[in-house]
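K.L.:
Below: one structure in structure tokens.
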Amino acid sequence: MDAYKRKRIESNEYIPEGDLNASAIDNYLAQRAEIIEAAYKFIQFEKEHAEEDKKQKEDEKKMKMEKRAMKKKMKQQKSAQVEQGGLAACEKLNKQPKQNQTIVSIPATSCRHQQSSGLFNLEAQKNDVNIYYNHYLPVDELFDLFDVNNAYETKNREYMLNVESSNDPEESFVIRHLNVSKASQFKSQLKVSKPHQIDIGPIYEKPPQKGMENKVIAREHLMDIDLSDYDEIRTCCKNKNMCKKCWKYAALACKILDKQIREYWQYKHIMWVYSGRRGIHGWILDKKARESNVEERIVITDFFSVLQSGHNKKRVKFRRPLHPLISDNFQLCLEFFVEVCIVEQDLLNDMENILFFLEQVPKEFRDDLLTGFKSYKTSFQRWSYFLLYHEKQMKNIDEKVNKELVAECKYLVEEIVIQYTFPRLDCPVSIQKNHVLKCPFSFHPKTGKIALVIDPEQVELFNPDKAPTVDEIVRQYQGSVKLDESVGLYKFKKSVEHFENILIQLKEDEQQQQEQQQQQQQQQQQQEK
Numbered sequence: 001m002d003a004y005k006r007k008r009i010e011s012n013e014y015i016p017e018g019d020l021n022a023s024a025i026d027n028y029l030a031q032r033a034e035i036i037e038a039a040y041k042f043i044q045f046e047k048e049h050a051e052e053d054k055k056q057k058e059d060e061k062k063m064k065m066e067k068r069a070m071k072k073k074m075k076q077q078k079s080a081q082v083e084q085g086g087l088a089a090c091e092k093l094n095k096q097p098k099q100n101q102t103i104v105s106i107p108a109t110s111c112r113h114q115q116s117s118g119l120f121n122l123e124a125q126k127n128d129v130n131i132y133y134n135h136y137l138p139v140d141e142l143f144d145l146f147d148v149n150n151a152y153e154t155k156n157r158e159y160m161l162n163v164e165s166s167n168d169p170e171e172s173f174v175i176r177h178l179n180v181s182k183a184s185q186f187k188s189q190l191k192v193s194k195p196h197q198i199d200i201g202p203i204y205e206k207p208p209q210k211g212m213e214n215k216v217i218a219r220e221h222l223m224d225i226d227l228s229d230y231d232e233i234r235t236c237c238k239n240k241n242m243c244k245k246c247w248k249y250a251a252l253a254c255k256i257l258d259k260q261i262r263e264y265w266q267y268k269h270i271m272w273v274y275s276g277r278r279g280i281h282g283w284i285l286d287k288k289a290r291e292s293n294v295e296e297r298i299v300i301t302d303f304f305s306v307l308q309s310g311h312n313k314k315r316v317k318f319r320r321p322l323h324p325l326i327s328d329n330f331q332l333c334l335e336f337f338v339e340v341c342i343v344e345q346d347l348l349n350d351m352e353n354i355l356f357f358l359e360q361v362p363k364e365f366r367d368d369l370l371t372g373f374k375s376y377k378t379s380f381q382r383w384s385y386f387l388l389y390h391e392k393q394m395k396n397i398d399e400k401v402n403k404e405l406v407a408e409c410k411y412l413v414e415e416i417v418i419q420y421t422f423p424r425l426d427c428p429v430s431i432q433k434n435h436v437l438k439c440p441f442s443f444h445p446k447t448g449k450i451a452l453v454i455d456p457e458q459v460e461l462f463n464p465d466k467a468p469t470v471d472e473i474v475r476q477y478q479g480s481v482k483l484d485e486s487v488g489l490y491k492f493k494k495s496v497e498h499f500e501n502i503l504i505q506l507k508e509d510e511q512q513q514q515e516q517q518q519q520q521q522q523q524q525q526q527q528e529k
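Here the UniProt record's numbering is used: position 138 in the sequence shown is 138, and no number is missing along the way.
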């Protein structure tokens, strides 16, 4: 037995002294052979790409410093108030604000759309932005989305444009309550106002106007996954930053939500849109979803709200057999947890992350686990030790003596896996029917990246670091570039094509539903006669 342990130690597989016999260790290793192989593949992958990631971070840091310097210089050139900038823009265009068109000024200190100190220089790319709006933004297709089969008055839809002040690029103002009923009018408005952000709201009973009571009659059911909500579990980035590693959390959320919504609610038309920065938005487009009330939206949102509210604490507790939502997705979540959370994110790599992990387990086990973890070097080894420790405790706890502890441990592994992997929805976005959301194929003002429509079947292949930007699309359209999967223009065209396919299927289904309703009405009228 000593030789056996020595061999394991020499191979960097540390085994707790006296805890397990050779047979138990071999059984454990055999059961997890595939996971171990996958883990080391990911480790090798990270080693090969470490140099590339390092160079990319250095380039980003250099560009951020340049943008900060530019931002400071522009602040020194400030010479007018934001309101004056808004009026000057209207006067320049010989176009006074309409009665139902509202201009709202936003000071730099509070504007969430003010110029970024990041990679995209909005001021320098104004010409590219104008060209993109005039020639490449698929406005006609977007208006097909805004008004499926002429079911609604498009002028009753809320459109919000965030526009840069003409006097100070640091400042911006919002144009709301636009009265546009055709794609051509919307194109003209974009040409006039040159917004650096376009948000789309609900459809009202009447054209929206400031201060007027109005009723929302339709709004796509929205889902918002923001990776800032994953800060407590992702180790690669924090706050507003995101990379291809933590994008995998958004990809998993997209797959789970898309699959379950189609299966449980029988919705067929779901559009997924990259936010342009650190998230992904889901639009349920079916007519039933568009016209659902708040109570119906709450039901769906609560269904996916497995994680309890709170921060830096245990947010998942199961006390009975797992709900099908969990059991149906657990294997997918477990594989993701090991490959991404344990190996790639290396979540048990330092004391802060270890202490957060230990918050998920019963307090009776925390000291033992903390001591045990110190004998291991990698997150994978520490996770393996936890599994063995948990299995041993489940056998040793007397249910008659400590019934509550047994209940805490019964689904402990499942609870931890779900805590680290399950979708984290922004609930108000899904519930509130008057919420506005980024327009598909518009761009994010801080990154310049385009909000592409993504195929959920291939969402894990999407790399936000390589997402096309406005200037890239314009340059490649105007130049002669060979299109392949690595080229931004290719990604853009494939995204528009996928978007068009969604619209075609939606139109066909809704047309078919209308015909069926008409037939039923005719049959009913004949029966009444």
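C-beta atoms are modelled at their ideal positions from N, C-alpha and C, and glycine is treated no differently.
Bear in mind that the values here come from a model prediction, so they are computed numbers and not experimental data.
Is Ile200 helix, strand or coil by DSSP?
P.N.:
In this structure, Ile200 counts as strand in the three-state DSSP scheme.
K.L.:
Who are the Cβ neighbours of Lys244 in its own chain at under 6 Å, not counting the five residues just before and after it?
P.N.:
These residues qualify, in order along the chain: Asn463, Asp465.
K.L.:
Give me the residue from Gln189, Ser384, Ile203 with the minimum Cα distance to Asn156.
P.N.:
For the residues Gln189, Ser384, Ile203, the minimum Cα distance to Asn156 belongs to Ile203.
K.L.:
Put Gln84 into one of helix, strand or coil per three-state DSSP.
P.N.:
Below a pLDDT of 50, predicted positions are generally treated as unreliable, and Gln84, at 48, falls in that range; the measurement from the model is reported next regardless. Gln84: helix per DSSP, three-state reduction.
K.L.:
Under a Cβ-count criterion, where at least 16 other Cβ atoms within 10 Å of its own Cβ denotes burial, should Ser384 be classed as buried or exposed?
P.N.:
Ser384 is buried by the Cβ-count criterion.
K.L.:
Enumerate in chain order the residues of its own chain whose CB-to-CB distance from Lys268 is below 8 Å, with the five nearest sequence positions on each side excluded.
P.N.:
Excluding sequence neighbours, Lys268 sits near Arg262, Asp286, Gln505, Asp509.
K.L.:
Output the residue ranges of the alpha helix (DSSP H) runs that lie fully inside the stretch 248-294 and measure 4 residues or longer, sorted by chain position.
P.N.:
Listed in chain order, the complete alpha helix (DSSP H) runs (minimum 4 residues) inside the stretch 248-294 are 287-290.
K.L.:
Alpha carbons only, please: which of Gln360, Asp368, Pro440 is nearest the one belonging to Tyr411?
P.N.:
When only C-alpha atoms are compared, the closest one is Gln360.
K.L.:
Given Val340, which residues of its chain have a CB within under 6 Å of its CB, disregarding the five upstream and five downstream residues?
P.N.:
Result list for Val340: Lys248, in chain order.
K.L.:
I need the straight-line Cα distance from Gln81 to Val163, nearest angstrom please.
P.N.:
With a pLDDT of only 44 at Gln81, under the threshold of 50, the placement of this residue in the model should not be trusted, and no figure is reported.
K.L.:
Does the beta-carbon of Thr109 have 16 or more other beta-carbons within 10 angstroms, so that it is buried, or is it exposed?
P.N.:
Note that Thr109 has pLDDT 31, beneath the 50 cutoff, so the model's placement of it is unreliable and the number below is only indicative. With fewer than 16 Cβ atoms within 10 Å of its Cβ, Thr109 is classed as exposed.
K.L.:
So what's Val174 in DSSP terms, helix, strand or just coil?
P.N.:
Note: Val174 maps to strand in three-state DSSP.
K.L.:
Bridge partners for Met160 per DSSP, in chain order?
P.N.:
Answer is Asp199.
K.L.:
How many Å lie between Gly279 and Glu399 at the Cα?
P.N.:
Approximately 44 Å, taken between the alpha carbons.
K.L.:
Which two residues bound the contiguous beta strand (DSSP E) that contains Val216?
P.N.:
That run of the beta strand (DSSP E) goes 216-218.
K.L.:
Please return the same chain residues whose Cβ sits closer than 8 Å to the Cβ of Val496, not counting the five positions on each side in sequence.
P.N.:
Cβ neighbours of Val496 beyond the five flanking positions: Pro138, Glu141, Phe441, Val453.
K.L.:
What's the gap between the Cα of Pro468 and the Cα of Tyr477?
P.N.:
Whole-angstrom Cα-Cα distance: 12 Å.
K.L.:
Just how far apart, CA to CA, sit Met160 and Leu190?
P.N.:
C-alpha separation (whole angstroms): 11 Å.
K.L.:
In its own chain, which residues sit with a C-beta less than 8 Å from the C-beta of Tyr132, not counting the 5 before and 5 after it?
P.N.:
Within the same chain, Tyr132 has close Cβ partners Phe443, Val470, Ile473, Val474.
K.L.:
Can you name the residues that DSSP bridges to His221?
P.N.:
DSSP, once it has assigned bridges, lists Ile284 as partnering His221.
K.L.:
According to DSSP, Val459 sits in a beta bridge with which residue or residues?
P.N.:
Answer is none; Val459 lacks a bridge partner.
K.L.:
Quick one: what does DSSP say Lys194 is sitting in, helix, strand or coil?
P.N.:
In the structure shown, Lys194 sits in coil (DSSP, three-state: anything other than H, G, I, E or B).
K.L.:
Using the Cα positions of Asn239 and Gln345, report the straight-line distance between them to the nearest angstrom.
P.N.:
Cα-Cα distance, rounded: 16 Å.
K.L.:
According to DSSP, is Asp231 helix, strand or coil?
P.N.:
In this structure, Asp231 counts as coil in the three-state DSSP scheme.
K.L.:
Candidates Asn130, Phe380, Glu66: which alpha carbon is nearest Asn121's?
P.N.:
Out of Asn130, Phe380, Glu66, Glu66 has the C-alpha closest to the C-alpha of Asn121.
K.L.:
Check the C-beta distance from Val459 over to Leu334 and give it rounded, since I have them as a contact under 8 Å.
P.N.:
19 Å between Cβ atoms; not a contact.
K.L.:
Rounded C-beta distance between Cys254 and Tyr230? I'm assuming under 8 Å.
P.N.:
Contact doesn't hold; Cβ gap of about 13 Å is too wide.
K.L.:
What span of residues does the alpha helix (DSSP H) with Asp471 cover, start to end?
P.N.:
Here the alpha helix (DSSP H) through Asp471 covers 470-478.
K.L.:
I need the straight-line Cα distance from His390 to Ser379, nearest angstrom please.
P.N.:
Rounded to the nearest angstrom, the two C-alpha atoms are 16 Å apart.
K.L.:
Got a sec, what are the start and stop residues for the alpha helix (DSSP H) Ser430 sits in?
P.N.:
Run containing Ser430: 427-431, per the alpha helix (DSSP H) assignment.
K.L.:
Considering only the beta carbon of each residue, do Gln432 and Cys409 sit closer than 8 Å?
P.N.:
Not in contact: Gln432 and Cys409 (Cβ atoms no closer than 8 Å).
K.L.:
Name the residue from Tyr136, Arg68, Lys64, Ala289 whose alpha carbon lies nearest to the alpha carbon of Phe492.
P.N.:
Comparing Cα-Cα distances from Phe492 to each of Tyr136, Arg68, Lys64, Ala289, the minimum goes to Tyr136.
K.L.:
As a quick exercise: from Lys187, Val306, Phe146, pick the residue whose alpha carbon is nearest that of Cys427.
P.N.:
Residue Val306 is the option with its Cα nearest to Cys427.
K.L.:
Assuming Ile200 contacts Leu503 (C-beta within less than 8 Å), just tell me the rounded distance between them.
P.N.:
Not quite, the Cβ-Cβ distance comes to about 15 Å (not below 8 Å), so this is no contact.
K.L.:
Which residue wins for smallest C-alpha separation from Ile450, given the options Gln197, Val174, Cys237?
P.N.:
It is Gln197 whose Cα lies nearest to the Cα of Ile450.
K.L.:
In three-state DSSP terms, what is Ile418?
P.N.:
Residue state, collapsed to three classes: helix.
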